[in-house]
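Quick note, the sequence shown lines up with residues 32 to 327 if you use our numbering.
The structure appears below as structure tokens.
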Amino acid sequence: MKKALHAIFNNRYVKTIIDVSMRVDIVTASSSVAYFGLLSIFPAIIIIATLLPYFGLTITTALSYVQWAVPKSVYGFVRPIIESILGHNGVGVLSASIVITLWSLSRVVASIRTAQNGIYGVQPKNIAIIDRFISMAWMILVLGIMGVLILIASVGSNVLEALPISSHIVRQIESAKLPVVATGLFIGAALFNWVLPVKKPRLQWALTGTIIQVALVLWLTKIFGWYVNLASQAYTFYQALSSAIIVLLWINFIAMAALIGTIVTASLEELFPSKRDKKAILKHLHRKIIRNNGKS
């Protein structure tokens, strides 16, 4: 038994996966992402509440989008808070909400980028200010992608019905929304895994990690729904507090799934390096041998 375990843990693949997994505490990293993600949600809701009338949307329509985007168990908790915020919006707090949302989202991107760099075992060469601008740029790009996807998801309730097109085409567009949005989110996650880290993995490994992320999120949704049913009984008298806790846990699970996908990508990148990486490794070993021979 001991020999079998020794052989398993000395296996090249197992050792690489363990080494990559131990580089970053994904529990702490995902908690940081969840904290700043939660901090950005409520001011973002205020911004949306201020902009809703300009698009001819109502609170009911907004809630229907939220219900479609999050698990049913999560929606039951966050609905009272969303209704309260959307029902009492004020233009005076719009500027502060925008600043808080942008800052929080930039910290989310920065936290993910820091964790990804740690998993790849590299350090960013740019200074903190430039690093923050890069995080902000990526955040704006992700927001743009999400905005387009939300726009695609929202088309049909008020726009399609006003267009001079047949009801058959409207039904086709409605049925295509889910795969289009899912595909777009997959592409956005793949770009996050491929471009955001300092060390750029090969595209095939980034896509593999993204598939793992999506699969984990779908699996965690079921586990999370079971957990929420238990947690809701303990937080019956603290609805607002329980809503924040549930959302925090949900974001935490998503962030953890994303980092696990990055671990898979980094492990594959090290186990199956490109020719350029192989040359760099051989060159490094050659220099190390020459240096050691010079000392002796």
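Every residue, glycine too, gets a C-beta built ideally from N, C-alpha and C.
### Task
Measure from the alpha carbon of alanine 288 to the alpha carbon of each residue in Leu249, Ala297 and Ile276, then state which is nearest.
The residue you call residue 288 lines up with position 257 of the sequence shown. Checking every option, the nearest Cα to that of alanine 288 belongs to Leu249.
### Task
Compute the distance between the beta-carbons of alanine 75 and threonine 132, then report whether it is under 8 angstroms.
Indexing the sequence shown from 1 puts residue 75 at position 44. Indexing the sequence shown from 1 puts residue 132 at position 101. Against a cut-off of 8 angstroms, the Cβ pair of threonine 132 and alanine 75 comes out as a contact.
### Query
Tell me which same chain residues have a C-beta within less than 8 angstroms of the C-beta of isoleucine 282, skipping the five on either side of it?
By one-based count along the sequence shown, residue 282 stands at place 251. Around isoleucine 282: Val64, Ala65, Gly68 and Leu69.
### Alpha carbon of glutamine 147 to alpha carbon of leucine 94, nearest angstrom
Here residue 147 refers to the residue found at position 116 when the sequence shown is read from its first residue. Here residue 94 refers to the residue found at position 63 when the sequence shown is read from its first residue. Those two C-alpha atoms are separated by around 34 angstroms.
### Query
So, are the CB atoms of leucine 227 and arginine 144 less than 8 angstroms apart?
Looking up residue 227 in the sequence shown gives position 196. Looking up residue 144 in the sequence shown gives position 113. Closer than 8 angstroms, so yes.
### Query
Does the Cβ-Cβ distance between arginine 233 and isoleucine 150 come in under 8 angstroms?
Locating residue 233 in the sequence shown gives position 202, where the first residue counts as 1. Locating residue 150 in the sequence shown gives position 119, where the first residue counts as 1. No, they are not a contact pair.
### C-beta neighbour in chain C for glycine 152, strict 8 angstroms
Note that chain C does not occur in the displayed structure, where there is just one protein chain.
#### Entry: Alpha-carbon spacing of valine 190 relative to glutamate 301, whole angstroms
Here residue 190 corresponds to residue number 159 of the sequence shown, with the count starting at 1. Here residue 301 corresponds to residue number 270 of the sequence shown, with the count starting at 1. Reliability of the predicted coordinates at valine 190 is poor, the pLDDT of 49 falling under 50, and the value obtained from them is presented with this limitation in mind. Going by the C-alpha atoms only, they are around 49 angstroms apart.
### Backbone secondary structure at asparagine 283 - three-state DSSP
By one-based count along the sequence shown, residue 283 stands at place 252. Note: asparagine 283 maps to helix in three-state DSSP.
### Task
Could you please give the first and the last residue of the uninterrupted alpha helix (DSSP H) stretch that includes arginine 43?
Reading the sequence shown from its first residue, position 12 is the one you call residue 43. Segment 43-52, the alpha helix (DSSP H) holding arginine 43.
### Task
Return yes when the Cβ of isoleucine 291 is within less than 8 angstroms of the Cβ of leucine 238, no when it is not.
Taking the first residue of the sequence shown as position 1, residue 238 is located at position 207. Taking the first residue of the sequence shown as position 1, residue 291 is located at position 260. Cβ atoms of leucine 238 and isoleucine 291: not closer than 8 angstroms.
### Query
What does a CB cutoff of less than 7 angstroms around serine 62 pick up in its chain, not counting 5 residues either side in sequence?
Translated into the one-based positions of the sequence shown, residue 62 becomes position 31. Excluding sequence neighbours, serine 62 sits near Asn283.
### Query
Going by the CB atoms, is the gap between serine 298 and valine 51 shorter than 8 angstroms?
Residue mapping note: residue 51 aligns to position 20 of the sequence shown, counting from 1. Residue mapping note: residue 298 aligns to position 267 of the sequence shown, counting from 1. Cβ distance < 8 angstroms, so valine 51 and serine 298 count as in contact.
### Task
Run the CB neighbour count on threonine 241, radius 10 Å, all protein chains shown included, and call it buried at 16 or more, exposed below.
For the purposes of this step, residue 241 is identified with residue 210 of the sequence shown, where counting begins at 1. When all chains shown are included, threonine 241 counts as buried.
### Task
Put glycine 152 into one of helix, strand or coil per three-state DSSP.
Within the sequence shown, residue 152 is the residue found at index 121, counting from 1. If DSSP states are grouped into helix, strand and coil, glycine 152 belongs with coil.
### Query
Whole-angstrom Cβ separation of serine 128 and isoleucine 48, contact assumed at under 8 angstroms?
Start at 1 with the first residue of the sequence shown, and residue 128 comes out as number 97. Start at 1 with the first residue of the sequence shown, and residue 48 comes out as number 17. About 42 angstroms; that fails the 8 angstroms criterion.
### Query
How about valine 229 and valine 153: do their beta carbons lie closer than 8 angstroms?
Indexing the sequence shown from 1 puts residue 229 at position 198. Indexing the sequence shown from 1 puts residue 153 at position 122. For valine 229 and valine 153, yes; Cβs fall inside 8 angstroms.
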